[in-house]
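Residue numbering for the sequence shown follows our numbering, beginning at 318 and increasing consecutively.
Ideal placement from N, C-alpha and C gives every residue a C-beta, glycine not left out.
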Amino acid sequence: MWTEPRRPATRIPPAAPDTMSQRFTVTSSSGSDGVQGEVNQLFEGDEPTPASSDKGPGTAAAAAIRGDGNPKESSPFINSSDPEKNQQYEGKNMALFEEEMDTSPMVSSLLSNLANYSNLPQGSKEHEEAENNEEARKKTVQAPRMGTLMGVYLPCLQNILGVILFLRMTWIVGTGGVIQAFIIVFMCCSTTMLTAISMSAIATNGVVPAGGSYYMISRSLGPEFGGAVGICFYLGTTYAGAMYILGCIEILLVYIVPQAAIFKMEGLEGAEAEAAMLNNMRVYGTIVLSFMALVVFVGVKYVNKLALVFLACVICSILAVYAGVIKTAFEPPVFPVCLLGNRTLVWKGFDVCAKVIEKENATVTTKLWRLFCDSEFLNATCDFYFANNNVSEIQGIPGITSGVLKENLFGKYIEKGMFIEKIGVPSISDPEAPNSNTNSFVLADITSFFTLLVGIYFPSVTGIMAGSNRSGDLRDAQKSIPIGTIMAITTTSFIYMSSVVLFGACIEGTVLRDKFGEAVRGNLVIGTLAWPSPWVIVFGSFFSTCGAGLQSLTGAPRLLQAIARDGIVPFLQVFGHGKANGEPTWALLLTACICESGILIASLDSVAPILSMFFLMCYMFVNLACALQTLLRTPNWRPRFKFYHWALSFLGMSLCLSLMFICSWYYAIVAMAIAGCIYKYIEFRGAEKEWGDGIRGISLSAARFALMRLEEGPPHTKNWRPQLLVLVDMDGELNVEQPRLLSLTNQLKAGKGLTIVGTALEGTYLDNHPRAQQAEQSLRKLMEAEKVKGFSQVVISSNLRDATSHLLQAGGLGGLQHNTVLVSWPRNWKQAEEHQSWRNFIELVRETTSASLALLVPKNIAAFPSNGERFTEGFIDVWWIVHDGGMLMLLPFLLRQHKVWRKCKMRIFTVAQMDDNSIQMKKDLTTFLYHLRIDAEVEVVEMHDSDISAYTYEKTLMMEQRSQILKQINLTKTEREREIQSITDSSRGSIRRKNPAAVTTQLSVTEEQPGGSKEQKPEEESLAVSPPPQEQLIGDKSTNPPTPATPQSPATEGAVTPGEAVQMTWTEAKCDGEQAKPPGANTPEGIKDLFNMKPEWENLNQSNVRRMHTALRLNGVIAKKSQEAKLVLLNMPGPPKNRKGDENYMEFLEVLTEGLNRVLLVRGGGREVITIYS
């Protein structure tokens, strides 16, 4: 038993009577009074007294029960209505886990909430209850009790068996033949079976709420694919409603009440008759659509109550067909077909299939004679084909034992307007004679071909999602959906395949190819086979198409509402609203409008391929989702349905894609274009959703693969581009201080390559984690505003210097790392309180050099253009002092890709020394740029030798005085005294001079080589007042090497060589303690200048004077040439290797860029970044 040391009990004031019921006692083997007292106080609402503040298990228990003030994590399963009660019981026996109880529930509570969790969708059941009585909302919704048969099997059966079976199946068999029709049926049924297997795997991988296929696809493939396929599925369901309504009207006007036609077709031929029929379909279709939409709007309960009636009609009709097939074996029904020659006649307007008949010992002409001849007499003038061909009568339904199957094995595709002819019957025709009286013959109303048959047939196998759409109403969805759907597909596939064979074995070929049954007295062709009467099929198919149309108009708006409520497509959000009971009114209105567009097409054969496209696309993505989840092996992919494989899913996906283009290649392209547009719209404008989808898994796998490939080696020079690490500063409110830095980033990158925007915070991670999150959010917001595509990173460290160093070292991943650092020039660095900022800046420059990273430092960043500005003219000037790998050439090219800088021209300036051939340099540079494919103006600037002016001395003096002040800011008294002594010592030897003939004025000077002796150093400290023999800027080995004007001693030659000054680094002059002679003392001019020097100039560090001289002269040239330039790019000298001259380094850079508006200091990373090769 747990024990604690005995402690003195704390006196607790007596509690009010009404709080006594809340007390409970925590006991221990000893010292229980203190614990009980604290718990009592806690539940009485009082804070523990100070006397009980000593730490002990009792205090910890009380604190655990009280919590740390953080709210519980929200979860769909954990909805605690009484947190105090939960805490009271959870904390009793689990003291070890008491710290986790505020954020993690006990397993008992979790299981209790899971057991009470209901997953009823806003489906038809709730709407029906809400409409039946107003008290329905107060009732507790009972758990759904639908099983596999009623919940999945029968709804799927009703949705799959539909209008195509009754109206077009016989025509497909007759036109394509039994073999090809069987292939079509087998392909389509295989597609749906494979899709059902994939769908079963997805549906059994967790709870699937209402929304069916849309929910499954969107959660498996992400919001972009989910939204695109969801809308395609919605359009398919909507056009299916139009197809069912058109089928309903066709049955009504052709087979039930032909006289109800508003546009009469009597006496019309060809296109006129066809137009009249289509107009009738449009008028009646619109009326029926309006009525059905009204029924759905008034209440779904009527649709649900009639669903079983409609299903019974379908089943009765199919049973009647099978019964009729069996009956044909013994007693075929009498449905004669009249042939004239080999052409099938429309059995309308005549009663006897003969030209003449014997009546009362006389030959009398029949009504058929009068259709083709100008009078009823035997000597009348008749149609050529009628006169030369005999009339014969054949049996339309010869029966299953007649052997007609052999004739129907192979199809006969015919063009629109051609006669329906019986194969194997002779006929005499005159090709030149015009076809007259074509209304009497059965004609093809459409040009038929194999792919058309596929497009028309495929809608008859859709509807496999009906079970998954009702997943919220099932007792055990994960068991019922696979079994019910696969059973329904198996049943319907058997019905369709057997129908193909039985129709081909029982019905005459000419009757099969007669789409509207004109040869069999206007009967529905499948009805002629039914028993006991054709009317069973007619009325059964009529009601089934009505029911299917109502189901489509009920399901499609709810699918659109589910998409709208997900919020992934912003412009659809209005359709998420509805009536008080959730009925999707606005979605129903849009569905009716889209459905009307299908009805205005008015042709069942034209609408069917459209919805085939949308359904095939939906099924294709269901298969893709299953295949991806299987191949990626995501941890959450644990379907209960085990009979699936990624190969089957890929086969199903391939079949769907093939069928799309087989049906209609142009419809397929249009459907894909619609889905693609929706995908891109959701990607750019849609809400950010994270559903743990498979596409995200693919992205992770692809990213890992790409990163592993990048690890194989550094990128080739041709592939090099600046991968930026942008370092920004945050103010006290965690807003970015230099937003224009991200504008420049956007202009440099144009959305390509890697960009990491990083910032550093001072403090400890535990204390500043919320601030870091806020800073990261601020960075992302600014990146989004500036359209910078990349990543944000916030690092917290005890000081900003270390934090920036961590960013530099740890940014990126694997081979995808930054190679360039972009940081702005430190503002107000001369102010005393900002002394740390420029020190950090110089350390950053050193670290980038050490890490072989390129460095870009924009100066006056506030003056840089925003992304919305446009330069209509101007120049980008490049001052190419030393070769840095080509960064100075590449950056202007990248900037000019952006619309801000597109109109600017590029100029390149380079500096020539006294002994350089300026004309040849310009030619060489022009050739070099030509090979680089860069358009730029070239100018070579000659820098002549000149004396060091008094202004230079004054500038250097001011710089050194300021440096001393900066150094003194944070020094102790002892350190100050030591510093003063070092300044005095250095001033004594600051004007020593040796070997005046070899002075070189340099922008960057390498002080001494490793192992160099003190005799080699004075060259660096010397100052030439008189004109020196040469003035040389040091480049790397690829530039023109310096040519000494006079022979130099070995010691002097070892001081600076071209290859050793690539990075333009320089060091502070080191004193050897010897007193120097006055500069130029050996010449009269030198003696004259010596007497003109001010006393305080004598103690100046002469290397600083030379550097200041070079900086001032370069600045003068740059300011003269590039004063009007929109941007100046300039080589950035490196900092001193020792740290004594850091303050002077900042001053030199200030002098170098003085008077220039926009400057981008560039420092190469030590590798070539541009090449002349392809």
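Whole angstroms are fine: how far does the CA of residue 1089 sit from the CA of residue 1324? Note that residue 1324 scores 37 on pLDDT, short of 50, meaning its location in the model is unreliable; the coordinates nonetheless yield the value given after this. The straight-line gap from Cα to Cα measures roughly 43 Å.
According to DSSP, residue 1075 sits in a beta bridge with which residue or residues? 1044 and 1110
In this structure, what does DSSP give as the bridge partners for residue 1259? 1229
Residue 1243 to residue 1477 span [Cα, whole Å]: 23 Å
Contact check, residue 853 vs residue 634 under 8 Å by CB: the rounded distance? 6 Å
Identify, in the order they occur along the chain, each residue of the same chain with its Cβ nearer than 7 Å to the Cβ of residue 718, setting aside the five sequence neighbours on each side. 646
In terms of DSSP beta bridges, what is residue 614 paired with? Per DSSP, none; premise fails for residue 614.
Go ahead and pull the three-state DSSP assignment for residue 989. helix
Would you mind sorting residue 1100 into buried or exposed? The rule is 16 or more other CB atoms within 10 Å of its CB. buried
Collapsed DSSP secondary structure at residue 1498 in the structure displayed: The shown model of the chain, from 318 to 1491, leaves out residue 1498, and the question about it has no answer.
Are the CB atoms of residue 1473 and residue 1434 within a distance shorter than 7 Å? no
Rounding to the nearest angstrom, what Cα-Cα distance links residue 644 and residue 629 in this structure? 22 Å
Just the C-alpha distance for residue 741 and residue 625, rounded to the nearest angstrom, thanks. 47 Å
Curious, which full-length alpha helix (DSSP H) runs of at least 4 residues does the region 944 to 1029 contain? 963 to 980, 982 to 1002 and 1011 to 1027
Can at least three beta-carbon pairs, one atom from the region 1068 to 1087 and one from the region 1096 to 1116, be found at a separation below 8 Å? yes
Mind checking residue 982: buried by the 16 CB within 10 Å criterion, or exposed? exposed
With DSSP as the reference, please indicate the residues paired to residue 1253 in a beta bridge. None, per the DSSP bridge assignment.
For residue 1248, count neighbouring Cβ atoms within 10 angstroms of its own Cβ and tell me buried if that reaches 16, exposed if not. exposed
Outcome for residue 832 when other beta-carbon atoms lying within 10 angstroms are tallied against a minimum of 16: buried
What separation, rounded to the nearest whole angstrom, lies between the Cα atoms of residue 893 and residue 901? 7 Å
Output the distance between the C-alpha atoms of residue 785 and residue 868, rounded to the nearest integer angstrom. 15 Å
Mind reading off the beta-carbon distance from residue 656 to residue 739? Whole number of angstroms is fine, and I expect it under 8 Å. 6 Å
Leaving out the 5 sequence neighbours to the left and right, which residues in its chain are closer than 6 Å to residue 1481 when beta-carbon positions are compared? 1171, 1201, 1202 and 1204
Tell me the DSSP secondary structure of residue 1443 in three-state form. coil
Could you tell me whether the Cβ atoms of residue 465 and residue 801 are closer together than 7 Å? yes
Own chain partners of residue 1517 with C-beta closer than 7 Å, once the 5 adjacent residues on each side are dropped: Examination of residue 1517 is not possible in this model, given that the chain is present from 318 through 1491 alone.
Could you please give the first and the last residue of the uninterrupted alpha helix (DSSP H) stretch that includes residue 876? 851 to 883
Start-to-end residues for the alpha helix (DSSP H) that takes in residue 480: 480 to 484
Distance, Cα to Cα, residue 849 vs residue 957? 46 Å
Cβ of residue 573 within 7 Å of Cβ of residue 606? no
The region 529 to 547 in contact with the region 881 to 890 per 3-pair CB rule at 8 Å: yes
Measure how close the beta-carbons of residue 599 and residue 1008 come, nearest whole angstrom, since I'm counting them as under 8 Å. In fact, because the Cβ distance is near 42 Å, the residues do not count as touching under 8 Å.
Quick check: what's the CA-CA separation for residue 1496 versus residue 925? In the structure as shown, the chain starts at 318 and stops at 1491, and residue 1496 therefore has no counterpart that could be examined.
By DSSP's criteria, residue 1480 is part of a beta bridge. Which residues make up the other side? 1172
From 748, 510 and 659, pick the residue whose C-alpha is nearest to that of residue 707; which is it? 659
Runs of alpha helix (DSSP H) lying entirely within the region 1083 to 1158, each at least 4 residues, in chain order: 1117 to 1127
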